[in-house]
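Protein chains: 2
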Amino acid sequence: MNAVDAWLTDRRETIFEELKRFVRIPSVSTDPAYKGGVVEAAEFVAAALRTAGLADARVRTTAGHPVVTAAWRGAPGKPTVLVYGHFDVQPPDPLEMWRTQPFEPEIRDGRLYGRGASDDKGPMLIPVKVAQAFLACSGALPVNMVFLFEGEEEVSSAHLEDFVAANRDYLAADFVLSADGAQWRADLPSVITGSRGICALEITVRGAAKDLHSGRHGGAVANPIQALARLLSGLHDDDGRVAVPGFYDAVIELSRVELDAVANLPWSEADYLASVGAPASVGEAGYTMLQRNWLRPTLEFNGVSGGYAGPGKKTVIPAFAQAKITCRLVPDQKPEAITRAIADVLRARAPKGVTVEVKIETGGAGPYALPSDHPGLALAEEVLREVTGVAPIRVRMGATVPIGEIFKRVLGLDTVFFSFATSDEDYHAPNEFFRLASLATGLKAWRLYLQRLGA
Amino acid sequence: MNAVDAWLTDRRETIFEELKRFVRIPSVSTDPAYKGGVVEAAEFVAAALRTAGLADARVRTTAGHPVVTAAWRGAPGKPTVLVYGHFDVQPPDPLEMWRTQPFEPEIRDGRLYGRGASDDKGPMLIPVKVAQAFLACSGALPVNMVFLFEGEEEVSSAHLEDFVAANRDYLAADFVLSADGAQWRADLPSVITGSRGICALEITVRGAAKDLHSGRHGGAVANPIQALARLLSGLHDDDGRVAVPGFYDAVIELSRVELDAVANLPWSEADYLASVGAPASVGEAGYTMLQRNWLRPTLEFNGVSGGYAGPGKKTVIPAFAQAKITCRLVPDQKPEAITRAIADVLRARAPKGVTVEVKIETGGAGPYALPSDHPGLALAEEVLREVTGVAPIRVRMGATVPIGEIFKRVLGLDTVFFSFATSDEDYHAPNEFFRLASLATGLKAWRLYLQRLGA
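Respectively, the protein sequence lines represent chains A and B.
All residue numbers for the first sequence refer to numbering that gives the first Met the number 0, where the first residue is 0 and numbers rise by one.
All residue numbers for the second sequence refer to numbering that gives the first Met the number 0, where the first residue is 0 and numbers rise by one.
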């Protein structure tokens with residue numbers, strides 16, 4: 000056995016205990032009541048890095064929760080990887096749904112249960128322990144490594160961009176290797192090659208200055224709900240395409256090879272529909288369900304309101320009605336351009352008798368796609384195949400992971416996702432768990448990845 | 000001067016004081032806290048009728064608030080009128096908007112201010128005082144009269160139909176003369192020749208079994224808000240007509256004369272739009288605003304809800320979305336037939352990937368139209384012209400007054416509206432008032448009406 004692997008295998012129980020101590024810290028970033036927990040987790044991570052042999056590891060302040068950095072640049076001429084992960088966690092609610100307490104981790108059936116075990120404390124501890132093993136065994140790492148762990152991933156990495164922009168030199172690297180970004184399925188290794196961006200807006204349709212009696216006034220003036228329904232239904236055509244001029248202009252057409260790769264993945268649409276309780280697959284014509292969810296942009300209505308929503312009836316023509324809209328974006332759609340195109344078309348299509356106001360929400364995020372020929376991606380596939388015995392598949396994410404686009408735009412770096420969580424591990428839900436077998440696989444995979452990269 | 004008019008004029012101040020005592024009784028029918036007030040008002044009315052000389056006047060129980068009846072059938076061979084009115088009132092809220100207390104009536108500038116002064120205590124006291132004057136002056140009424148005053152008009156006359164059906168013989172008459180049903184404007188006398196009916200339903204569109212993350216699932220499954228918007232926008236065509244097969248089938252086409260009568264009324268659309276703060280008049284093509292509001296049926300959306308309505312954004316594809324719909328109906332549309340037609344079309348048009356549930360609300364009411372050649376209507380117009388010096392106009396109501404349709408269907412009687420309230424008197428709002436000049440005009444008009452009818 001490889002000496003580094005042996006070092007890690009010998010300390011298997013110690014690493015489990017270290018992860019349990021990490022999970023015990025309630026580092027809920029969204030809730031100010033847990034502010035101290037996030038700081039405690041940052042200090043835990045900095046201490047773990049120093050113990051690993053990364054002497055400059057330290058907690059660094061931002062306008063929000065702290066980040067933790069460390070760097071080892073003792074391999075001149077070798078590549079440099081920027082390792083990313085996060086130590087903040089989702090809120091534990093609803094507490095009554097947990098079999099054991101969220102911040103009292105427990106091992107059952109080869110799984111470590113606890114909030115953050117899978118997202119992202121287990122996965123982010125892996126590169127720290129692997130670096131420690133290399134330094135313990137040989138006094139050196141096979142490549143240069145910079146570590147950046149943040150405490151705000153669960154609140155949209157709100158201050159990460161500012162920190163990255165202010166620390167370009169410290170973070171300089173060849174690419175990002177992310178310990179966050181769960182694999183698609185537990186039964187099949189996968190690499191993520193992109194995520195969709197997001198933008199959001201809100202539309203308000205106003206009619207009369209006040210709510211009106213629908214008998215005394217019905218037929219005389221415009222009904223804002225009717226006008227809103229007309230505007231919303233005009234945003235998609237009969238084929239499920241977004242009917243906004245310019246919406247698809249920046250979309251990079253995918254090759255037949257890329258589309259087929261997704262179409263040919265092992266995937267049961269029927270099982271998926273059963274799992275979410277939906278009667279049918281619906282969306283843009285001409286694409287499979289996974290193609291639509293991963294590769295195509297969408298325009299979704301997240302909320303609608305107006306008039307009376309209580310029990311029974313109230314005979315009112317409401318003064319206004321509203322809807323919330325988000326789009327998921329694919330390369331090279333820009334959030335600002337898309338919200339502007341939608342706002343323009345909504346205003347231009349305002350029916351007679353109403354006024355249309357569009358509010359564009361801030362905090363959009365761009366889509367991200369890793370170039371399919373990136374050497375860091377090929378290496379990830381090679382390593383996964385070796386340690387699992389199964390050839391990994393390439394997947395995308397329908398959801399939004401801001402860091403890929405931020406690292407690309409601010410530092411010019413691509414991100415290779417190399418997490419050993421899987422998407423079935425109930426992160427963001429009660430009874431989150433991390434498979435201890437995945438921890439072992441991950442330790443071996445990161446060791447091999449770094450070694451091959453440095454060879 | 001006519002002796003009956005003289006009797007009433009001599010007692011002008013006494014009648015004001017009696018109306019003030021009546022208004023002082025807080026007979027709010029919708030609020031159980033005022034139950035005793037409604038009973039007290041019923042007893043006040045019964046006592047007033049007995050004082051007038053109607054010995055059999057009494058308070059009669061129903062499953063809800065009581066009604067008050069009295070009958071005088073001492074003129075065999077003469078017509079019989081069933082006089083209708085109501086002694087319950089709207090809630091006084093918002094209290095802080097009243098200049099004086101709602102149940103402490105006060106006379107200012109020739110107006111009696113107080114809750115119920117205009118709707119309907121002032122107007123309904125008029126026929127009682129006129130009957131008293133006839134009996135005092137001559138010991139007889141010029142026609143047979145039956146009085147039916149209810150305590151539930153402000154809660155949709157919930158138990159009136161049952162009471163009327165159970166008392167057909169007692170209520171037998173030639174037609175109904177209603178002291179309720181305000182005139183259109185204060186500057187122009189008018190007679191009401193009809194009101195629209197109402198029916199209501201609620202639609203629920205369901206997609207997946209639970210709310211889904213719009214990134215992880217967007218593009219894969221149907222969005223219920225999108226499906227609802229499509230269904231709602233399909234209920235009207237581009238000309239503002241209701242696009243439901245069968246919706247207009249039972250509508251009795253109006254003659255050119257009837258349409259022109261409304262089109263030629265003195266009416267400023269611009270003033271109306273300014274009064275409600277609406278930018279334009281909107282509705283079914285081919286009709287004027289008043290024609291649409293009075294003579295044409297409508298389908299209005301009273302509420303819409305689904306997904307997230309709070310501040311900011313929540314990236315959810317909601318499990319369901321809902322809308323509330325009411326229609327205003329014209330002769331001979333039936334509430335049951337219309338709700339069925341709408342429910343059928345909504346279910347038939349259900350988009351792929353969602354299910355559509357339609358709940359039909361009970362408590363619909365039919366439309367009512369008084370035959371244009373009804374002799375009671377012609378007499379009302381003649382009397383109004385004589386007492387005001389101005390020829391009255393014929394108007395309809397866009398709103399729903401269930402009694403017209405109930406009396407027609409249950410007793411076979413038409414209803415002539417002969418109220419001396421006007422629609423600007425802030426009933427259902429703070430600072431409700433009744434013009435004392437209207438009280439005087441009404442006393443004279445009812446005296447003349449009854450005398451001419453008996454001649």
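Here a beta-carbon is modelled for each residue, glycine too, at the ideal position from N, C-alpha and C.
Contact between Ala308 of chain A and Gly302 of chain B is confirmed by a C-beta separation of about 5 Å, below the 8 Å threshold.
For Arg205 of chain B, the beta-bridge partners assigned by DSSP are B:Phe319, B:Thr354. Residue environment analysis places Met96 of chain B among the exposed positions, since fewer than 16 neighbouring C-beta atoms fall within 10 angstroms of its C-beta. Not flagged as an interface residue toward chain B: Met96 of chain A, since no C-beta distance is shorter than 7 Å. Between Phe300 of chain A and chain B, the shortest Cβ-Cβ separation is below 7 Å.
Counting along the chain, the unbroken beta strand (DSSP E) around Arg393 of chain B starts and ends at 392 to 396.
With contacts defined as CB atoms closer than 7 Å, Val127 of chain A and Ala51 of chain A qualify as a contacting pair. Around Gly352 of chain A, the beta-carbon contacts reaching into chain B at under 8 Å are Ala277, Pro278, Ala279, Ser280, Val281.
When only Cα atoms are considered, Leu231 of chain A and Val275 of chain B end up about 26 Å apart.
Per DSSP, the beta-bridge partners of Cys198 of chain B are B:Cys326.
Taking the CA atoms as reference points, Arg114 of chain B sits about 18 Å from His64 of chain B.
In this structure Lys120 of chain B is buried. Its beta-carbon is surrounded by 16 or more other beta-carbon atoms within 10 angstroms. Cα atoms of Arg59 of chain A and Val66 of chain A: separation of roughly 5 Å, rounded to the nearest angstrom. With respect to chain A, the C-beta atom of Thr314 of chain B has a partner C-beta closer than 7 Å.
Neighbours of Tyr247 of chain A in chain B, taken as residues at a C-beta separation under 9 Å, are lacking, since the least C-beta distance is about 14 Å. Here Asn263 of chain B is exposed. Its C-beta has fewer than 16 other C-beta atoms within 10 Å. Sequence-ordered contacts of the stretch 425 to 454 of chain A with chain B read His427 [C-beta pairs closer than 9 Å]. When the five nearest sequence neighbours on each side are left out, the beta carbons in the same chain lying within less than 8 Å of the beta carbon of His212 of chain A are those of Thr314, Val315, Ile316, in order along the chain.
Taking a 10 Å sphere around the C-beta of Asp118 of chain A, we find 16 or more other C-beta atoms and assign the residue as buried. Between the C-alpha atoms of Phe146 of chain B and Asp168 of chain B there is a straight-line separation of about 13 Å.
In this structure, DSSP gives Val241 of chain A an extended state, which the three-state scheme calls strand. Excluding the 5 residues flanking it on each side, Asp236 of chain A has same chain C-beta neighbours closer than 6 Å at Ala242, in chain order. Contacts with chain A at 7 Å (Cβ-Cβ) include Val303 of chain B. Between Met0 of chain A and Pro141 of chain A, the alpha-carbon positions lie close to 18 Å from each other.
Per DSSP, the unbroken alpha helix (DSSP H) holding Val37 of chain A starts and ends at 34 to 51. The beta-carbon distance between Phe102 of chain B and Ala41 of chain B, rounded to whole angstroms, is 16 Å. This is too long to meet the 8 Å contact definition. Residues of the stretch 228 to 239 of chain B that bring their beta carbon within less than 7 Å of a beta carbon in chain A comprise Ala228, Arg229, Leu231, Ser232, His235, in sequence order. If you ignore the 5 residues before and after Val220 of chain B, its C-beta comes within less than 8 Å of the C-beta of Gly206, Ala207, Leu211, Ile316, Gly352, all in its own chain and listed in chain order. In this structure, the beta-carbon distance from Thr399 of chain A to Ser254 of chain A does not fall below 7 Å. Excluding its 5 nearest sequence neighbours in each direction, Gln131 of chain B has C-beta neighbours in its own chain below 6 Å: Ala51, listed in chain order. A distance below 8 Å between beta-carbons, with the five flanking residues on each side excluded, links Val382 of chain B to the following residues of its chain, in chain order: Ala444, Leu447, Tyr448, Arg451. Going by beta carbons, Leu176 of chain B and Val415 of chain B fall inside the 7 Å limit. With a beta-carbon spacing of about 7 Å, His216 of chain A and Gly397 of chain B fall inside the 8 Å limit used to define contacts. If you look at Gly453 of chain B, you'll find it in the alpha helix (DSSP H) that goes 435 to 453. Fully contained in the stretch 120 to 206 of chain B are the following beta strand (DSSP E) runs of length 3 or more, in chain order: 143 to 149, 174 to 177, 189 to 194, 196 to 205. Between Glu283 of chain A and Gly214 of chain B the beta-carbon gap is near 16 Å, outside 8 Å, which marks them as no contact.
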